[in-house]
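Okay, so here's the structure we're looking at.
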Amino acid sequence: MRFIHFTFLLLLLTCVYGQAQQTNSYNLDFEKVEAGFPQGWSGYGRGKPSNYKISLDSLHTRSGKYAVSIEYAGDNPDSEVGILFFVPNTYQGKKITLSGYIKNKEVTDGFSSLWMGIDHPDGKNFVASGTVKNVSETSDWQKYELTLDMNPANTRQFILSVSLSGTGKVWFDDLKLTVDGKDIEELTPYEIPPFAAESDEEFDKGSMIDFSDLNQQKTDDLVLLGKIWGFLKYHHPAIAKGEYNWDYELFRFLPDYLQAADNKQRDRLISEWIDKLGFVPLNTIDRPVLGEVFIKPDLTWVENSDMDNGLKEKLRYIYQNRHYGHHYYVLIEHFGSPLFLHENKYEQMSVPDAGFRLLALYRYWNMVHYFYPSKYLTDKNWDEVLAEYILYFMDINDRLGYERTVLRMIAEIRDSHAANLLEGGDEIWRSRGRWYSPIKVRFAEDKLVASGYRALRDTVLTTEAADSVMGLKKGDIITHIDGKPVQAIVDSLRMYFPASNEPTRLKNMEFEMLRSNRSVIRLNYLSSGESRKKGIRLLHPYYIEFYPSDTIRHGLIGKRKDIGFIRDEILREEDVPVIRKVFAHTKGIVIDLRCRPATLAGRTLSSWFVSSETPFRKCTRGNPNHPGEFYFTPCDTVYPFKGPSYKGKVVVLIDENTLSEGEGQAMMFRAGQNTVILGCQTSGADGRVSDIFLPGGIKTWISGYGVYYPDGSQTQRIGIVPDIEVKPTVKGLAEGRDELLEKAIEVIEKE
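Here the sequence shown stands for residues -20 to -1, 1 to 731, where the numbers follow mature numbering (1 follows the signal peptide of the UniProt record, and there is no 0).
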């Protein structure tokens, strides 16, 4: 029996899809058997799946010959095992319902469940998912069902699962899948028709737009056009239905628009352009209230513009009768982040021409304007960014200039999730240098300090060579690099290092400071208070161990070895029950969260530190039917472990390396009854990310939803605020001490 770890479910969807059965005869009653296992189903597991046995049971059935049973027989109840089934079709309808019968026997520390997910056509995201649980310890056959909203145009396939979490034995039988009340085995699969927008190829080789006579009036007109273009993209029904390639409609409209002699002619052209999109019918659909509205759409630009009243009224009408439902260009995926669809990357364009560069600006600006939950936290008014960057994007001569301009624009949103060009940033990467120093540096007390050395690979240095490569000692303060003051270098790089806050920006720069396209750099530095100079030889990155592996996930520390230590970055699910057992009677626990955790094991562990259900955060998510609106979702909660809760002190270490999932787990740990957060400001970018693709093959991220404490206090940009602030010092780095860990031990030992 092959198990699939649940963490890799999305990868599984891509791999299995091509092999899935292509008929309407689905084995939802488990009557078809292949090699002693339900035909068409695959096993998956989280934690330690070998603790469970999955089998076909002919004695305990609700109907037919077989039911599926899952039985726990092991030593790790913090596990989950189940079987998955893929329905590789979609169907016309609005609601899909999974129902089935469950029987429990002595189920503790968990539950049995039915789960269903709707896989988006990109194969990377869930449009929606849901679970229904049987939490009874022992129960006879009972029917359970769950229903999800669906749209066939947004659906690649459906994924079903039955599972057991915890101990005991469960049975499943007579599953059924219906769409709007009709059994899918009696329905014809729905074929998604092609969108008209996908057949438009007119500008595949270039926009042929000329901006050579750009003056202030034309620039102002382009600012207005960018806002109208984005407004229509996300509100007009014809565009939302995929009837137009909205990128290329921009290029068709621009030549005439750029020739407008005055505002009157400009407004007439825009009005005629809108009319060509077709009649917008009255929208009388009742729009439900999704939650407490936190941010309302900002359309003041319409009222404050110099457009004539007729054009303003036309935009108001479209807004009031905006599209509702499936949108060709965007949806809000199940977890709450925007999923931008059908956005061509135009990878074939090394240096996008002026039209495509303007498109890059328009696309990004409007994605942020309507779907970035933290736009209100940017340093600049977002309208100013559009006006400023039109000139920047026109003044580009090569690929490096394009990449740098895009990166500067991205940095304006002040989001640590958008720290780099994830794709399409090769020229920036080359410009920063191909040679590296193994000397590790860190900003401390506003100084650039040597903090240690990276190990070298496949090389042995002579004493003389080692001195030229490793010639600084811990605690040395670098003041100049190749004759330039460190502060001047930082100031020149700041615009190209996006981050939510300054400590995180400096952390991101540390890796780049001793990097160059020259094999030797000259350093001025202070060593034991004396000014010194030295040439440092750089190495090819192959010879430097940038990311050494650390296998110590947990252990005992302190003078009496009575303090537990957990390194969350590499913690695994199977470690959690071991930790509960070994650390149960310790004086305290230190959780090192100065990282971005690789697993969700910290979430499981957090339940041990609360004695009752404790809210730890609430989120804002965008309303796809009202672009620019964000509303609060109900609070997320830490649920207590079913056994005894931990009684000792818990100290969680954080710093600027605590990012995203790390910040979320810090919030969960903070919900604990005896928890202290210790350290310094975190990255200030929690939650899931959304991909953004721009012309020239560029990819970046934004934080997809807003994250707040239950009282509404923000975390974006601010990060997790420590209860006890401790920052590394120059003295501590010189002595090789972990000052945050030392303070954590002191706090626990004083209890």
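Idealized CB from N, CA, C, for every residue including glycine.
Reduced DSSP category for residue i - H, G, I as helix; E, B as strand; rest coil
i: GLU293; result: helix
i: GLU719; result: helix
i: LEU262; result: coil
i: LEU506; result: strand
i: ASN105; result: coil
i: GLN645; result: helix
i: LEU428; result: strand
i: GLN2; result: Note on GLN2: pLDDT 41, under 50, position unreliable in the model; the coordinate value appears next. Residue state, collapsed to three classes: coil.
i: LEU436; result: strand
i: GLN137; result: strand
i: GLU726; result: helix
i: LYS213; result: helix
Candidates the options, of which the one nearest residue i by Cα
i: CYS660; options: PHE673, LEU639, ALA651; result: LEU639
i: PHE610; options: VAL656, ARG412, PRO353; result: PRO353
i: ASN637; options: LEU291, ARG502, GLU482, ALA133; result: GLU482
i: TRP281; options: ILE219, ASN361, PHE274; result: ASN361
i: MET450; options: ARG560, ALA53, ILE419; result: ILE419
i: LEU212; options: TYR342, THR88, ILE139, SER119; result: TYR342
i: ARG337; options: LEU295, TYR299, LEU357, ILE376; result: ILE376
i: LYS627; options: LYS83, TRP588, TRP209; result: TRP588
i: PHE545; options: PHE621, THR600, ASN603, LEU633; result: LEU633
i: PHE259; options: ILE678, ARG232, ASP247, LYS294; result: LYS294
i: ASP55; options: PRO595, PRO624, ASN31; result: ASN31
i: ALA334; options: ASN400, GLY535, SER192; result: SER192
i: LEU401; options: THR662, GLY676, GLY686, LEU230; result: GLY676
i: ASP456; options: PHE373, THR484, LYS711, MET374; result: LYS711
i: SER119; options: VAL87, SER145, PHE315, ASN603; result: VAL87
i: HIS40; options: LYS679, LYS83, SER508; result: LYS83
i: GLY110; options: PHE315, ASP190, LEU249, GLN122; result: PHE315
Distance between beta carbons of residue j and residue i, contact taken as under 8 Å
i: THR127; j: ILE164; result: That pair is no contact at about 14 Å.
i: LYS221; j: TYR308; result: 6 Å
i: TYR304; j: ASN346; result: Going by Cβ atoms, the distance from TYR304 to ASN346 rounds to 19 Å, so no, they are not a contact pair.
i: PHE91; j: VAL61; result: Their Cβ separation, rounded to whole angstroms, is 13 Å, which puts PHE91 and VAL61 out of contact at 8 Å.
i: SER480; j: GLY271; result: With a Cβ gap of about 25 Å, SER480 and GLY271 do not count as contacting.
i: TYR46; j: GLU11; result: 6 Å
i: residue 744; j: GLY73; result: Outside the shown range of the chain (-20 to 731) lies residue 744, about which nothing can therefore be said.
i: GLN520; j: ILE559; result: The question names Gln, but residue 520 in the sequence shown is His. At roughly 41 Å, the Cβ-Cβ gap does not stay under 8 Å, so HIS520 and ILE559 are not in contact.
Cβ-based neighbour list, residue i, same chain, cut-off 6 Å, excluding 5 preceding and 5 following
i: ALA(-1); result: In this predicted model, ALA(-1) has a pLDDT of only 37, less than 50, meaning its place in the structure is not dependable enough to derive any value.
i: TRP21; result: ILE63, PHE65
i: ARG379; result: SER330, VAL331, GLU407
i: MET647; result: PHE596, ARG597
i: ASP180; result: ASN225, TYR228
i: GLU323; result: PHE673
i: ARG437; result: TYR523, GLU525
i: PHE477; result: ARG485, ASN488, MET489
i: GLY642; result: LEU573, CYS575, ARG576, PRO577
Residue environment, residue i, which counts as buried when at least 16 other CB atoms sit within 10 Å
i: LYS513; result: exposed
i: GLU425; result: exposed
i: ALA398; result: buried
i: SER43; result: exposed
i: ASN284; result: exposed
i: SER472; result: exposed
i: ALA53; result: exposed
i: TRP409; result: exposed
i: MET188; result: exposed
i: ASN289; result: exposed
i: ALA581; result: buried
i: TYR522; result: exposed
i: LEU8; result: buried
i: VAL500; result: exposed
i: residue 769; result: Since the first residue shown for the chain is -20 and the last is 731, residue 769 is missing from the structure and cannot be characterised.
i: ARG540; result: exposed
Spatial neighbours of residue i in its chain, beta-carbon cut-off 7 Å, leaving aside the 5 residues before and after
i: LYS454; result: ALA430, SER431, GLY432, LEU713, ALA714, GLY716
i: PRO702; result: ILE634, ILE657, LEU658, GLY659, CYS660
i: PRO217; result: VAL260, HIS303
i: ILE265; result: TYR304
i: ILE532; result: ARG547
i: GLY186; result: ASP333
i: THR680; result: ILE390, ALA398, LEU401, LEU402, ILE672
Cutoff 8 Å; reference residue i; Cβ partners in own chain excluding five residues on either side
i: PHE(-13); result: Residue placement at PHE(-13) cannot be trusted, given a pLDDT of 38 that sits under 50; the coordinates are not used to answer.
i: PRO690; result: PRO595, PHE596, ARG597, LYS598, CYS615
Chain B contact for residue i (CB, 9 Å cutoff)
i: LYS464; result: The question asks about chain B, but that chain is absent: this structure has only one protein chain.
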